[in-house]
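Numbering (our numbering), first residue to last: 962 to 1297. Remarks on the structure that follows.
Structure representation (structure tokens):
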């Protein structure tokens, strides 16, 4: 599916081709249209799920819940988005407001679509197990699970932006500079390895004490970053001095030293071998922001209640603000 082609099923593109979504956000290309489609899809999905919640009380409560559930997510976004944007600016990230908004909208879209996918299950228990406490706890669990999956998409998108240097540009530049200025390993005069008809494998270090004849292009042992050993192609030029060999040691033409292990060339995308990578401060603050987003969302949900509607009370658009969301959940669990 093309990234520039409008489609109401933007969730399908997010789930099937999320890499193109991240690349579009990185390039900041056509983000207004993408964000608008995600906003529309999320609002419709949340309205449908809100109607299911309100049907436990009455059709009128279903209508009000269909209005209030999308409002809950959007108002939470409006409250918390400036904090995410300023967090990134303080620590040197180069995210624009549109990129930050698009990233969060990806998470909200995934959350809303997963929630509406659970709507038939919620309706089933509404019909077969008409218990107010159980129904409330069931749907709070559904929304929590959907939100966790959506936030997982948010962290994945931020990681892609970090890989492109948008979260820690100074660290990315330092990596490039370090690559350019990294000294080459000391090598003595190379000895040419002539091409031969029969390839021979080179043993891993410690398996043989004798040089082995290896023609150019033959498979040799190769060490990877995690310590595994694979095969590589024998070089046409072999240095005569290697780790563990005396200075000035030489080997006959067509021979490799004992324990020769080819090294994979620097690819420019990973940290220096043996050096631990550090998480950018922006990524750490993202997890703090996610907790903040959750606290604001739950408190706002408590303020905008009822969404379900206690069948023992008359319809009301809002309830009086007393207690808090977490105390209510603990009370419901205790009653069950």
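Beta carbons: idealized from backbone N, C-alpha and C, even for Gly. From a predicted model like this one, the values you see are computed outputs, not experimental measurements.
Three-state secondary structure assigned by DSSP to residue i
i: residue 1021; result: helix
i: residue 1281; result: coil
i: residue 1068; result: helix
i: residue 1098; result: helix
i: residue 1124; result: helix
i: residue 1015; result: helix
i: residue 980; result: helix
i: residue 1008; result: helix
i: residue 1273; result: coil
i: residue 994; result: helix
i: residue 1246; result: helix
i: residue 1057; result: coil
i: residue 1268; result: coil
i: residue 988; result: helix
i: residue 1052; result: coil
i: residue 1186; result: Low local confidence applies: a pLDDT of 49 at residue 1186 is under 50, so the model's placement there is unreliable, with the coordinate-based value given in what follows. Here residue 1186 sits in coil by DSSP.
i: residue 1079; result: coil
i: residue 1296; result: helix
i: residue 970; result: coil
i: residue 1090; result: coil
i: residue 1290; result: helix
Alpha-carbon to alpha-carbon, residue j and residue i
i: residue 1260; j: residue 1297; result: 23 Å
i: residue 1049; j: residue 997; result: 23 Å
i: residue 1062; j: residue 1263; result: 25 Å
i: residue 1047; j: residue 1056; result: 10 Å
i: residue 987; j: residue 1077; result: 29 Å
i: residue 1028; j: residue 1118; result: 29 Å
i: residue 1005; j: residue 1074; result: 9 Å
i: residue 994; j: residue 1293; result: 42 Å
i: residue 984; j: residue 992; result: 11 Å
i: residue 1017; j: residue 1023; result: 8 Å
i: residue 1282; j: residue 1273; result: 18 Å
i: residue 974; j: residue 980; result: 10 Å
i: residue 1280; j: residue 1256; result: 20 Å
i: residue 1008; j: residue 1250; result: 26 Å
i: residue 1295; j: residue 1286; result: 14 Å
i: residue 1082; j: residue 1088; result: 10 Å
i: residue 1012; j: residue 1266; result: 14 Å
i: residue 1116; j: residue 1072; result: 14 Å
i: residue 1120; j: residue 1271; result: 43 Å
i: residue 1058; j: residue 1122; result: 14 Å
i: residue 1244; j: residue 1034; result: 23 Å
i: residue 977; j: residue 971; result: 10 Å
i: residue 982; j: residue 1288; result: 39 Å
i: residue 1254; j: residue 1019; result: 30 Å
i: residue 1248; j: residue 990; result: 26 Å
i: residue 1125; j: residue 1060; result: 13 Å
i: residue 1032; j: residue 1105; result: 17 Å
Assumed close pair residue i, residue j - CB separation to whole angstroms, cut-off 8 Å
i: residue 1052; j: residue 1246; result: 7 Å
i: residue 1276; j: residue 1030; result: In fact, because the Cβ distance is near 17 Å, the residues do not count as touching under 8 Å.
i: residue 1014; j: residue 1268; result: 5 Å
i: residue 1258; j: residue 1037; result: 4 Å
i: residue 1010; j: residue 1080; result: 5 Å
i: residue 1096; j: residue 1086; result: 6 Å
Legend entry - At least three beta-carbon pairs within less than 8 Å, the region 1077–1095 to the region 1030–1041: No, the region 1077–1095 does not touch the region 1030–1041.
Legend entry - At least 3 beta-carbon pairs within less than 8 Å: the region 989–1003 vs the region 1095–1115: no
Legend entry - Stretch-stretch touch, CB-based, cutoff 8 Å, three pairs: the region 1110–1125 with the region 1067–1081: yes
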